[in-house]
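Enquirer: Residue numbers (my numbering): 264 to 572.
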């Protein structure tokens, strides 16, 4: 994956930059070094900081750069081949993946800083979450793990729900195919493979994935992206009469989207559907309270209420 403002030292000649050009650019401050990379002011500074420490983003941190819908997470998720000498870190390192299993930990993170989808790509100074790797060398010269590798790390690092969010986002945005997902799943332990086997390309946001996976775990009949006559597609249809729309952080402060959504809700209610709209905050920041209210509705079996003709 190419990132503006970042070039590996072995790629400079192909870009028409001679050794004399490189020295001149460095001397004039128009370019600087970050490990084996040469960077300009155009480069994302959070990424430059990681490269200077001899690591590259992977898992959720790489997924951000690949344009996926990314769940809340702590720290910068990075990797480095085992065969390379470590660069003295400038922040705490937390081990995850296979290395964590050796120390008796599962997925450990300590930073209180989190990245919010569509709002915060990186917070300088956060802890680094190191992903174990059996590699003896870098797979390529890209400054960020390619998407299959990032997803491979994510499926072993994140919760089932959060790994599903990344997989479904990649599928929905056509970054990978279902066949590629199946190949990634095949390399997982049997339990984790079974847990992630129900991913779908239909989910349009991580909020939708999170809610649907919870409902499915309760064996509540739920169908994603259902088309309702006169209204269009809705995020989730439960049973016969309950529609749940899941707001994405991307549109959280868009007044035009807000008014369109409320007009859709009214059309659904005119057709006797019960409509619930969940915000990103309700799902990812206040889930325990949200879940309790949803369970109350489910136990009343309101979603089983037939639609009148």
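Idealized CB from N, CA, C, for every residue including glycine.
In this structure, how does DSSP classify residue 542 when only helix, strand and coil are distinguished?
Expert: As a first step, residue 542 is located in the chain shown; it is residue number 279 there, counting from the start. Here residue 542 sits in coil by DSSP.
Enquirer: Rounded to whole angstroms, what is the Cα-Cα separation between residue 313 and residue 397?
Expert: Within the chain shown, residue 313 is the residue found at index 50, counting from 1. Within the chain shown, residue 397 is the residue found at index 134, counting from 1. Straight-line Cα distance between these residues: approximately 20 Å.
Enquirer: Measuring CA to CA, which of 330, 290 and 299 is closest to residue 319?
Expert: For the purposes of this step, residue 319 is identified with residue 56 of the chain shown, where counting begins at 1. For the residues 330, 290 and 299, the minimum Cα distance to residue 319 belongs to 299.
Enquirer: Three or more C-beta pairs closer than 8 Å, one from the region 562–572 and one from the region 472–482: is that the case here?
Expert: no
Enquirer: Between residue 546 and residue 454, which are expected to be in contact by the criterion C-beta below 8 Å, what is the C-beta distance as a whole number of angstroms?
Expert: Along the chain shown, read from residue 1 onward, the residue named residue 546 stands at position 283. Along the chain shown, read from residue 1 onward, the residue named residue 454 stands at position 191. Not a contact, Cβ separation roughly 25 Å.
Enquirer: Identify every run of the alpha helix (DSSP H) within the region 287–351, keeping only runs that are complete inside it and at least 4 residues long; order them along the chain.
Expert: 308–315 and 322–328
Enquirer: In terms of residue numbering, what span does the beta strand (DSSP E) encompassing residue 270 cover?
Expert: Here residue 270 refers to the residue found at position 7 of the chain shown. Run containing residue 270: 269–271, per the beta strand (DSSP E) assignment.
Enquirer: Per DSSP, residue 595 is paired with what?
Expert: Given a span of 264 to 572 for the chain in the structure shown, any question on residue 595 remains unanswerable.
Enquirer: I believe residue 435 touches residue 466 by the beta-carbon criterion, under 8 Å. Please report the beta-carbon distance rounded to the nearest angstrom.
Expert: Here residue 435 refers to the residue found at position 172 of the chain shown. Here residue 466 refers to the residue found at position 203 of the chain shown. Right, the Cβ-Cβ distance comes to about 6 Å (below 8 Å), so this counts as a contact.
Enquirer: Have a look at residue 302 and residue 327 and give me their C-alpha separation to the nearest angstrom.
Expert: Working through the chain shown from its first residue, we reach residue 302 at position 39. Working through the chain shown from its first residue, we reach residue 327 at position 64. Approximately 20 Å between the Cα atoms of the pair.
Enquirer: For a test of the three-state rule: what should DSSP assign to residue 563, helix, strand or coil?
Expert: Counting from one through the chain shown, the residue named residue 563 turns up at place 300. Coil.
Enquirer: Just to confirm the assignment, what range does the alpha helix (DSSP H) spanning residue 476 have?
Expert: In the chain shown, counting from the first residue as 1, residue 476 sits at position 213. For residue 476, the uninterrupted alpha helix (DSSP H) run begins and ends at 469–480, by DSSP.
Enquirer: So, helix, strand or coil for residue 281, using DSSP?
Expert: Along the chain shown, one-based indexing puts residue 281 at 18. Correct three-state label for residue 281: coil.
Enquirer: Is residue 441 helix, strand or coil by DSSP?
Expert: As a first step, residue 441 must be located in the chain shown, where it is residue number 178. Residue state, collapsed to three classes: helix.
Enquirer: Taking just the CA atoms, how far does residue 408 sit from residue 295?
Expert: Start at 1 with the first residue of the chain shown, and residue 295 comes out as number 32. Start at 1 with the first residue of the chain shown, and residue 408 comes out as number 145. Spanning the two alpha carbons is a distance of roughly 22 Å.
Enquirer: Taking 8 Å as the limit between beta carbons, can you name the residues of its chain near residue 462, skipping five residues before and five after?
Expert: Your numbering for residue 462 matches position 199 in the chain shown. So the qualifying residues of the chain are 427, 430, 431, 434 and 444.
Enquirer: Quick check: the region 329–349 against the region 482–490, are there 3 or more CB pairs under 8 Å?
Expert: no
Enquirer: Using a Cβ-Cβ cut-off of 6 Å (strictly less than) and excluding sequence neighbours within five positions of residue 441, which residues of its own chain qualify?
Expert: Translated into the one-based positions of the chain shown, residue 441 becomes position 178. Correct list: empty, nothing qualifies.
Enquirer: Between the Cα of residue 401 and the Cα atoms of 471, 459 and 321, which residue gives the shortest distance?
Expert: Residue mapping note: residue 401 aligns to position 138 of the chain shown, counting from 1. Checked all of 471, 459 and 321; the closest Cα to residue 401 is 321.
Enquirer: Whole angstroms are fine: how far does the CA of residue 458 sit from the CA of residue 378?
Expert: On the chain shown, residue 378 is found 115 positions in, with the first residue counted as 1. On the chain shown, residue 458 is found 195 positions in, with the first residue counted as 1. Confidence at residue 378 is low in this model, with a pLDDT of 43, below 50, so the placement of that residue is unreliable and no value is reported for it.
Enquirer: Which whole-angstrom value describes the C-beta separation of residue 530 and residue 502, a residue pair presumed to lie in contact below a C-beta threshold of 8 Å?
Expert: Residue 530 sits at position 267 when you count from the first residue of the chain shown. Residue 502 sits at position 239 when you count from the first residue of the chain shown. Going by Cβ atoms, the distance from residue 530 to residue 502 rounds to 19 Å, so no, they are not a contact pair.
Enquirer: Is it right to say residue 270 is buried, meaning 16 or more other beta carbons lie within 10 angstroms of its own, or is it exposed?
Expert: Residue 270 sits at position 7 when you count from the first residue of the chain shown. If you draw a 10 Å sphere on the C-beta of residue 270, you find 16 or more other C-beta atoms in it, and that means buried.
Enquirer: Leaving aside the five residues before and after residue 333 along the sequence, list all residues of the same chain whose C-beta is less than 6 Å from its C-beta, in chain order.
Expert: By 1-based counting over the chain shown, the position of residue 333 is 70. Same-chain partners within the cutoff: 323, 326, 327 and 380.
Enquirer: Using the three-state DSSP reduction, which class does residue 537 fall into: helix, strand or coil?
Expert: Counting from 1 along the chain shown, the entry for residue 537 is found at position 274. Reduced to three states, the DSSP call for residue 537 is strand.
Enquirer: Which one of 282, 411, 534 and 553 has the shortest CA to CA distance from residue 543?
Expert: Residue mapping note: residue 543 aligns to position 280 of the chain shown, counting from 1. It is 553 whose Cα lies nearest to the Cα of residue 543.
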